[in-house]
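Undergrad: Chains as they are written, first to last, in full-length UniProt numbering: chain P, 1 to 166; chain G, 1 to 104; chain A, 1 to 93.
I have a structure here, written as structure tokens, and I will follow up with some questions on it.
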Amino acid sequence: MDRGFVFRRKLLLFAVLFLFWIVLTATLAANDIVLGAISSALVAGITMLLFGQALDDRFTPRVLLKLPWFILRLIWEIIKANIDVAKIILNPKLPVDPRIVQYRTYLPDDLPRTFFADSITLTPGTVTVDIEDNLLSVHCLCPYHEEGLAGLESLVAWLFGVKPDD
Amino acid sequence: MVRNIITVIFCSIGAFWFLLGTTGLLRMPDIFSRLHPSTKCDTLGACSVMVGVAVYSGSLWDILKLILIMCFLLLSSATCGHAIGRSAVRRDIAPWRKSEEEEQ
Amino acid sequence: MINFLTAIAIVIGLNALICLYRAMVGPTSQDRLLAVNIVGTKTLVMVVLITFVQGENFFLDVALVYALLLFIVTVALSRYLEAEGWEEMRSDG
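Below, the structure is given as structure tokens:
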């Protein structure tokens with residue numbers, strides 16, 4: 001493996017861990033920051049030695065920068081989903097017609113697929129119940145909920161910079 | 001004063017979503033349908049209560065920690081729903097169908 | 001304001017009590033696990049509310065650790081339920 005690449009992965013893991021440390025300690029005192037920097041660097045180095053990789057290879061700084069915008073759009077989707085599910089729950093007749101559909105995704109690796117499955121679970125009337133390779137089993141509460149999946153897939157593809165042809 | 005009003009609004013909305021999640025948990029016919037209210041309504045309820053409390057607190061570190069808890073809750077509730085659903089699928093628990101009699 | 005936060009915490013606690021009904025009667029083990037997970041989420045929010053009722057900031061760290069533990073408990077138990085040999089346990093309940 002390329003030395004520069006390894007160093008960049010370590011640096012990224014160090015930055016994430018260090019931010020987490022600062023939020024946890026809730027101070028900006030000099031001794032806390034120095035201690036946090038030392039322990040974050042140690043953890044980053046040991047992780048690289050033990051697992052051979054720090055974070056997932058798809059988790060780049062570019063993804064990290066796009067993440068807040070992605071989360072905002074996801075939260076908007078979640079709010080819409082909740083209002084939809086709330087209408088179903090509060091309807092006295094309980095108009096559900098649940099079914100399990102199979103969905104084949106073009107997203108390549110584990111991390112984009114995890115993001116996609118989690119987003120599906122959080123949005124309108126759909127829960128991912130199983131993943132095998134690129135075949136997702138999605139439980140839909142009503143048949144029309146199935147239509148939202150393709151939009152979510154393109155949103156996750158945008159986050160990781162994946163083209164449908166890959 | 002304005003901050004208190006915002007807190008009251010957000011916390012009330014959160015409590016309402018929690019109530020919806022409980023109702024859904026009791027009313028839905030089978031385990032897969034019960035995953036829907038639990039993963040959606042409860043997550044949004046928890047997040048909106050935390051937003052309300054963050055506005056009430058107003059201190060930077062508290063807000064950062066609450067955001068951390070919120071992000072983690074979004075991630076973990078989705079993953080928990082997925083894990084429970086997967087164990088139900090692997091144990092061959094049959095999903096409830098609306099028109100089961102007609103099809104057979 | 002503190003009274004209001006306490007009231008919200010009590011409402012959420014009553015909700016959690018109602019959820020225990022599903023944990024009691026739930027036909028499958030997965031239903032019980034789901035109910036326990038929801039009760040855990042509600043407890044987490046109650047801890048966050050109690051932080052500001054009491055004015056003690058360190059309860060937020062407790063809430064964070066509670067969220068982590070809840071996640072690990074649910075994932076570990078559902079992986080455990082995936083394994084074979086649970087038919088007898090299920091028909092008992």
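Glycine residues also receive a C-beta, built at the ideal position from the N, C-alpha and C atoms.
Here the structure is a predicted model, which means the values were calculated and not measured.
#1: Pop quiz: cysteine 41(G) and valine 85(P) are said to be a contact at Cβ under 8 angstroms. What is the actual Cβ separation, rounded to whole angstroms?
#2: Output needed for valine 39(A): all residues of its chain with C-beta closer than 6 angstroms, excluding positions within five of it in sequence on either side, in chain order.
#3: Cα separation between leucine 74(G) and threonine 43(G)?
#4: Alpha carbons only, please: which of Pro29(G), Lys65(G), Ser38(G) and Ser48(G) is nearest the one belonging to proline 95(P)?
#5: Under 9 angstroms Cβ-Cβ, which residues of chain A neighbour lysine 65(G)?
#6: Determine, using beta-carbon pairs with one atom in the segment 9 to 21 of chain G and one in the segment 72 to 79 of chain P, whether at least three such pairs fall under 8 angstroms.
#7: Against chain P, with Cβ distances strictly below 8 angstroms, would leucine 68(G) count as a contact?
#8: For isoleucine 78(P), which residues of its own chain have a beta-carbon under 7 angstroms away from its beta-carbon, when the five flanking residues on both sides are left out?
#9: Take valine 49(G) as the anchor and find which of Val45(A), Phe52(A) and Thr6(A) has the nearest alpha-carbon.
#10: Any idea which residues DSSP pairs glutamine 102(P) with across the strands?
#11: Report the rounded CA-to-CA distance for residue 183(P) versus threonine 105(P), giving the unit in angstroms.
#12: Would you mind reading off the limits of the beta strand (DSSP E) that contains isoleucine 131(P)?
#13: Which residues of chain A have a Cβ atom closer than 8 angstroms to the Cβ of methionine 50(G), listed in chain order?
TA: Taking the geometry as given:
#1: 7 angstroms
#2: Ala16 and Cys19
#3: 7 angstroms
#4: Pro29(G)
#5: Asn57, Leu60, Asp61, Ala63 and Leu64
#6: no
#7: yes
#8: Leu122 and Thr123
#9: Val45(A)
#10: Ser137(P)
#11: Limits of chain P in this structure are 1 at one end and 166 at the other, which puts residue 183(P) out of reach.
#12: 126 to 132
#13: Val45 and Val48
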